[in-house]
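All remarks here apply to the structure that follows.
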Amino acid sequence: MLKRAFLLSAVMLASVAGAQVKNPGILTDVEIGDWRTFDPADCYEQGCGEILQNVLETLYFPEGENASKFVPQLAAAMPEVTNGGKTYTIKLRKGVKFTNGQPLTADDVVYSIQRSLVLSVDGGPAQLLIEPLLGSTDLIRKGGKIGFDDIAKAIQAKGDDTVVFNLAAPFSAFISILASPYANIYNKDEAVKAGDWSGTAKDWEKFNNPEAGTTMYAKKPPVGTGAFVLERYDVGQNVILKRNDAYWRAPAKLTRVIVQNVSDENTRIKMLEAGDADLAFVNRPSIPRVKGSAGVKIIEDTTLSLTAFFMNQKINGQGTNYLGSGKLDGNGIPSNFFSDVNVRKGFAAAMDYDALIKDVLLGAATHPSSVIVKGLLGYSTNLPKYKYDKNLATKYLKAAWKGQVWKNGFTLPVFFNSGNTKRKGALEILKKNLESLNPKFKVEVRELPFSQVIAQGQNSQMTVWAGAWGADYADPHNFAFPFLQSSGNYPTQIGYKNTKLDGLISEAVTSTDSKKRVALYRQIQQIAYNDTPFIPLYQELFPFVQRDWVKGRLINPVFADDYYYTISK
Amino acid sequence: MFTFILRRVLQLPLILFGISVLIFGLTQFLSADIRAASFAQSEKQAQPAFIAGIIERYHLDADFFTQYRIWLEQVFHGNLGYSRTAHLPVVEALAIKIPATMELALVAIVVIALFGISVGILTAVTRNSWFDHTIRVLSIIAYGFPTFVVGIFVITVFYGILQWFEPGRINTILSLTAGLPTTDGFLFFPSLFAGKWDIVLDLIKHLFMPVLTLTFVISPQLIQVVRSNVIDVLRQDYVRTAKAKGLPTTAIVVKHALRNALIPVITVLGSILIGLLSGSIITETIFIYPGVGLWASQAAQTIDIPSVIGFALFAATTVTLINLLVDIFYGIIDPRIRYE
């Protein structure tokens, strides 16, 4: 009895303590994952992107919570676009200073953007800038087609306060890219003094494609103009940001931000409940645990991401046994099994999207019709989308391969990456529904390590797998290209090519007329719907979990996690 | 004795060589592209040229001997490679992660030893009493508990409900106000010797939950070993003689029984220490303790070969040196044992 009373009073004390703002002025954000690098030319992940977003700034920035609208940040105004959409002239904001006291100049902007291209780190973000500026989808390599002269022509300083971007072709998503964390601006003098690239042609090759994670700014970001500066980095554990009191706008309300890597979910939740964490990453299955906890608030918001099934039309059977017999005899599949659109459409009609969203994703997702997810230009609810229809699935699969699929059946392994229960659930639904259509259909849901899914996807060895894409910037091109352009990330893996689509995607991204772009992207989606190269599954809602004393938090799907400048507690 | 120690120390390079060959050999079962793909942090990062670039840069498609030779050349230059998991050179990663684990292991081993040996002796001396029975039952229960269950319970009670202790290694805000340049490396012992009591106290507060968890999970094993050995010794003729001479029980246990019962206990403590120094993965994860175990488990999951080899070399060195120390202690405790 005494013990119960003691525990009860302890709980009450704890909850009372929890109601008071702990460490006012200091925000603690507990997350998973750590920080591979702080080099803007190398960072292509949310973790490092978040730190850079708060210590460095870009020419433009998303307006509040709107992912597709931008306002000038280091730029003085929106760009002057001339030369048929190929030249962007940008005046810099006056009075902006780096944290080392030097004023922001056009040289710094040119250096920052050029350095990203010069480094062109494998797996880094440079490709996002190379495509509009140099008209290539390949990274820059010494001895390659693109040299430093091309880079120098693409970005030029005009005086101290004006930057000119000369694009290879009009590129309507260019401002979105300049507003993304992949176009951060930093101080040239400090970088050169520290022994990084000189900013000239003489040593660019020496700095080209360095080993990822080992560049000049692997452990400390460059000198920027942001509202915070990095105060300390405890490798892999904490990043501590300190307010920049000489910020060019009013200083941030928070004096410090502590970002902690806490891999155990239970510990993150306990820290949140105790008030030691103000913001916490909580996985969807644990949301019911925190829902209703005193002082905890959950904000659900749409992500700009798409999870889909990919069906490989040219399976490379070497090195795996995924094709089984390699024939349509019920014991395997031929390597071009998915080249028949009836198979692809049959699979699309056999998927129960509502059950996936309700049972596996606990309602926290929507079913998009195609690659253009909600929040992007060209998104429409009026476009056709795949529906679960047993009769339609039967019709398509009976027609596939001139009736052989239905007559002989197939044995097909399908894949997801280890630990991803959502993708596993989606594949289990597909398996159940396909096998219920015809007892000769055999689907094996297989788990593979993440690296194996990537490697075998790249080698076109996979049959069907569940994968996802998240936006780099809020423009439909960032989805249309990787999903549908024949040289894009996924079509090269699944052997899909539609020259008409290639032309339309190119036309849509070079068009400067937004009405025309909307029409083009709708046409692109309609063609993709007819071709069915992949099956769109879901666009997730993300639960942003925080203490209720946190105010001013902006939720924007193109932010790299959080933007601390507006936050107070 | 000197020859014995020298022989054991000279075996170490051979052991390390064998381990590195074995791990390298095992990784060859994975194809070059799978090993290259493990460098990607996300699906998106693995752009078409990415895997080819990684294979070329790290010679992943070369034969085993070439790859091993390249690695060995690096080692002779004091470079164990780059840890993708720690985002640091492996040598640096070991240097910042081992001290944290060592501090946890050393504090934990002292607590486990004190608790396990005293309770073990008490249960032996009071054999078949209610105390003995209770401890035996509790030991079996504790021994059967998975570490993560105990850890979650401990953090829920002592942090979630009572808020007496915090997870982590040190309070980040205190570390800032105290002017610590980093929270890596040794903290406890330097702060103790420098008399920085606020830091020492905070470190103890952070060590409490992981040490309690480890003590709960590990000490039953020690209690059982101490108990059975002390009981065995108490049955010996010389103990009976001592009793017959009228020596008090405490003197018999401390002077005679304990010394002889300690040899197997030292072996057990040695293996416990090896386990603790190799990193208590689950404990470190639950309590956000930035040690070597957590790093090694993440490295293994992501096929971070330089890190795995670096950790294995560290673990092998630890095992060899601790076993050597245990053997030396044998000689000190029991002069009958000679190593010539």
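Protein sequence lines, in the order shown, are assigned to chains A and B.
If you count the first sequence from 1, position 499 lands on 499 in the UniProt record's numbering, and the numbers rise without skipping.
If you count the second sequence from 1, position 162 lands on 162 in the UniProt record's numbering, and the numbers rise without skipping.
The beta-carbon is built from N, C-alpha and C at its ideal position, and this holds for glycine as well.
Chain-ordered chain A contacts of residue i [CB-CB under 8 Å]
i               : result
L88 of chain B  : V235
Q41 of chain B  : R36, Y44, E45, G123
S31 of chain B  : G319, A455
I309 of chain B : Going along chain A, no residue has its Cβ under 8 Å from I309 of chain B, so there is no contact; the nearest lies around 18 Å.
K176 of chain B : One detail in the question is off: residue 176 of chain B reads as Leu in this sequence, not Lys. E231, R232, I240, R256, listed in chain order.
Exposure of residue i, with buried meaning 16 or more beta-carbon neighbours within 10 Å
i               : result
V550 of chain A : buried
E166 of chain B : buried
P181 of chain B : exposed
I332 of chain B : exposed
P533 of chain A : buried
S514 of chain A : exposed
E57 of chain A  : buried
N209 of chain A : buried
V149 of chain B : exposed
K345 of chain A : buried
F314 of chain B : buried
T85 of chain B  : buried
N83 of chain A  : exposed
H206 of chain B : buried
Any chain B beta carbon closer than 9 Å to residue i
i                      : result
S369 of chain A        : no
D562 of chain A        : no
residue 571 of chain A : Outside the displayed span of chain A (1 to 569) sits residue 571 of chain A, for which this structure offers no information.
Q20 of chain A         : no
D472 of chain A        : yes
A10 of chain A         : Confidence at A10 of chain A is low in this model, with a pLDDT of 48, below 50, so the placement of that residue should be treated as unreliable; the coordinate-derived value is given next. Yes - at least one Cβ of chain B is within 9 Å of the one on A10 of chain A.
K3 of chain A          : The predicted position of K3 of chain A is uncertain, since its pLDDT is 48 and thus under 50; no value can be drawn from it.
D189 of chain A        : no
L7 of chain A          : Reliability of the predicted coordinates at L7 of chain A is poor, the pLDDT of 47 falling under 50, and the value obtained from them is presented with this limitation in mind. By this cut-off, L7 of chain A is an interface position.
Chain A contact residues for residue i, given Cβ-Cβ distances below 7 Å
i               : result
R69 of chain B  : Ordered by position in chain A, no residue passes the 7 Å Cβ test against R69 of chain B, which lies about 20 Å from the chain.
S96 of chain B  : It is worth fixing the name first, because residue 96 of chain B is Ile in this sequence and not Ser. Correct list: V235.
I152 of chain B : N266
Partners in chain B for residue i, counting only beta-carbon separations shorter than 8 Å
i               : result
A218 of chain A : H87
N238 of chain A : T172, T183
K270 of chain A : I155, T156, Y159, G160, P167
A468 of chain A : E43
T214 of chain A : Y82
Amino acids of chain B, ordered along the chain, whose beta-carbon sits closer than 7 Å to that of residue i
i               : result
W197 of chain A : What W197 of chain A touches in chain B: nothing, since even the nearest Cβ is about 19 Å away.
9 Å Cβ cutoff, residue i in contact with chain A
i                      : result
Q163 of chain B        : yes
P290 of chain B        : yes
residue 344 of chain B : Residue 344 of chain B falls outside the range modelled here, since chain B spans only 1 to 340, and no answer is possible.
G270 of chain B        : no
V130 of chain B        : This sequence places Trp at residue 130 of chain B; Val is not what is there. Not one chain A Cβ lies under 9 Å of W130 of chain B.
A49 of chain B         : yes
G53 of chain B         : yes
T302 of chain B        : yes
I34 of chain B         : yes
V57 of chain B         : Here residue 57 of chain B is Arg; the residue named in the question, Val, does not match the sequence. Output row for R57 of chain B: interface = yes.
L10 of chain B         : no
is_contact[residue i, chain E] using C-beta, thresh 9 Å
i               : result
K205 of chain B : The chain inventory of the structure shown lacks chain E, comprising the protein chains A and B.
Cross-chain neighbours of residue i in chain A, by beta carbon under 9 Å
i               : result
T285 of chain B : S263, D264, T267
task: Could you name each continuous alpha helix (DSSP H) segment of 4 residues or more that falls completely within the stretch 249-311 of chain A, going from the start of the chain to the end?
output: Restricted to the stretch 249-311 of chain A, the alpha helix (DSSP H) segments that are unbroken, complete and at least 4 residues in length are 265-274, 287-290, listed in chain order.
Taking 8 Å as the threshold, find out whether the stretch 24-44 of chain B comes into contact with the stretch 451-471 of chain A through three or more Cβ pairs. Yes: the two stretches touch, three or more of their Cβ pairs being nearer than 8 Å.
> Which runs of the beta strand (DSSP E) spanning at least 3 residues fall entirely within the stretch 144-197 of chain A, listed in chain order?
Replying inline: If we require 3 residues or more, the beta strand (DSSP E) runs fully inside the stretch 144-197 of chain A come out as 155-158, 162-166.
Margin query: I'd like the ranges of any alpha helix (DSSP H) spanning at least 4 consecutive residues and lying wholly in the stretch 22-70 of chain B.
Written below: Taking only runs of at least 4 residues, the alpha helix (DSSP H) segments lying wholly in the stretch 22-70 of chain B are 32-37, 48-58.
_My parser needs the alpha helix (DSSP H) runs of 4 or more residues fully inside the stretch 186-248 of chain B; what are they?_
You should have 188-194, 197-234, 237-244.
| task | State whether the stretch 213-220 of chain A contacts the stretch 155-166 of chain B, with contact taken as three or more CB pairs (one from each stretch) at a distance under 8 Å. | result | At 8 Å Cβ cutoff, the stretches do not touch.
* Asked: Would you call the stretch 131-138 of chain A and the stretch 168-182 of chain A in contact, with 3 or more CB pairs under 8 Å?
  -> Segments in contact, yes.
Below 8 Å, how does it come out for the stretch 539-554 of chain A and the stretch 364-380 of chain A: are there three or more Cβ pairs, yes or no? Yes, they touch.
Segments of 4+ residues assigned as alpha helix (DSSP H) that fall wholly inside the stretch 448-477 of chain A = Counting whole runs of 4 or more residues, the stretch 448-477 of chain A contains the alpha helix (DSSP H) stretches 450-458.
I want to know whether the stretch 497-513 of chain A touches the stretch 324-341 of chain A - three or more CB-CB distances under 8 Å. Contact between the stretch 497-513 of chain A and the stretch 324-341 of chain A is absent: fewer than 3 CB-CB pairs across the two stretches fall below 8 Å.
#### Entry: alpha helix (DSSP H) segments (min. 4 residues) lying fully within the stretch 250-293 of chain B
Listed in chain order, the complete alpha helix (DSSP H) runs (minimum 4 residues) inside the stretch 250-293 of chain B are 258-277, 281-286.
Quiz item: With a cut-off of 8 Å, do at least 3 Cβ pairs link the stretch 516-523 of chain A to the stretch 296-307 of chain A?
Solution: Touching, no, given that fewer than three Cβ pairs across the two stretches are closer than 8 Å.
query = What runs of the alpha helix (DSSP H), each 4 residues or longer, lie entirely inside the stretch 104-180 of chain B?
reply = If we require 4 residues or more, the alpha helix (DSSP H) runs fully inside the stretch 104-180 of chain B come out as 130-144, 147-155, 172-177.
query: Three or more beta-carbon pairs under 8 Å between the stretch 490-504 of chain A and the stretch 306-320 of chain A, yes or no?
result: Counting C-beta pairs closer than 8 Å gives three or more between the stretch 490-504 of chain A and the stretch 306-320 of chain A, which meets the contact rule.
Would the stretch 221-241 of chain B count as touching the stretch 107-123 of chain B if we require 3 or more Cβ pairs under 8 Å? The stretch 221-241 of chain B makes contact with the stretch 107-123 of chain B, as at least three CB pairs between them are under 8 Å.
Secondary structure, beta strand (DSSP E): runs of 3+ residues fully inside the stretch 360-445 of chain A: Residue ranges of uninterrupted beta strand (DSSP E) with 3 or more members, entirely inside the stretch 360-445 of chain A and ordered along the chain, are 410-417.
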